[in-house]
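Peer 1: A single structure is presented below for examination.
Residue numbers (the working numbering): 261 to 402.
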């Protein structure tokens, strides 16, 4: 996924900007950490149940969150929030960096673009069919 798509889907949709992430990583580098990173995840799940030609059940779930990792020597601190908000990021960063109590003078590496060849198109299969088309497909399969 391109940086633009990720920014729109995970950051902008949750009222975050790249500057928030840099600021958070700078706060973490105020401790004597060797490494720190953020891991964002987002997944969608849709399920339909058809029984005897009748749609009995349907569900749609969104699962998203952010993980924070801080490494200092042989110690690693992890924290996770199931909300992608600035407050949740701050709280997770504080928890992850708590493995180190000494002050540090780390520097945040600037986010840069990486050229890659996408293996799959950035399509959302859940939105590729209308609800009516999904129901018709279920009836055809049943």
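Every residue, glycine too, gets a C-beta built ideally from N, C-alpha and C.
1) Going by other Cβ atoms of all chains shown within 10 Å of its Cβ, with 16 needed for buried, is residue 360 buried or exposed?
2) Have a look at residue 267 and residue 312 and give me their C-alpha separation to the nearest angstrom.
3) Tell me whether residue 390 is buried or exposed, calling it buried when 16 or more other Cβ atoms sit within 10 Å of its Cβ.
4) Can you grab the Cα-Cα spacing for the pair residue 279 / residue 299, in whole Å?
5) Is the beta carbon of residue 265 closer than 8 Å to that of residue 382?
6) Please specify which runs of the alpha helix (DSSP H), each continuous and at least 4 residues long, are wholly inside the region 315–365, giving them in chain order.
Peer 2: On the basis of the coordinates in this document:
1) By the 10 Å Cβ count, residue 360 comes out buried.
2) Spanning the alpha carbons of residue 267 and residue 312 requires a straight line of approximately 44 Å.
3) Under a 10 Å Cβ-count criterion, residue 390 is classified as exposed, with fewer than 16 other Cβ atoms of the shown protein chains found around its own Cβ.
4) Those two C-alpha atoms are separated by around 16 Å.
5) Between residue 382 and residue 265, the gap from beta carbon to beta carbon is short of 8 Å.
6) The region 315–365 contains these whole alpha helix (DSSP H) runs: 346–357.
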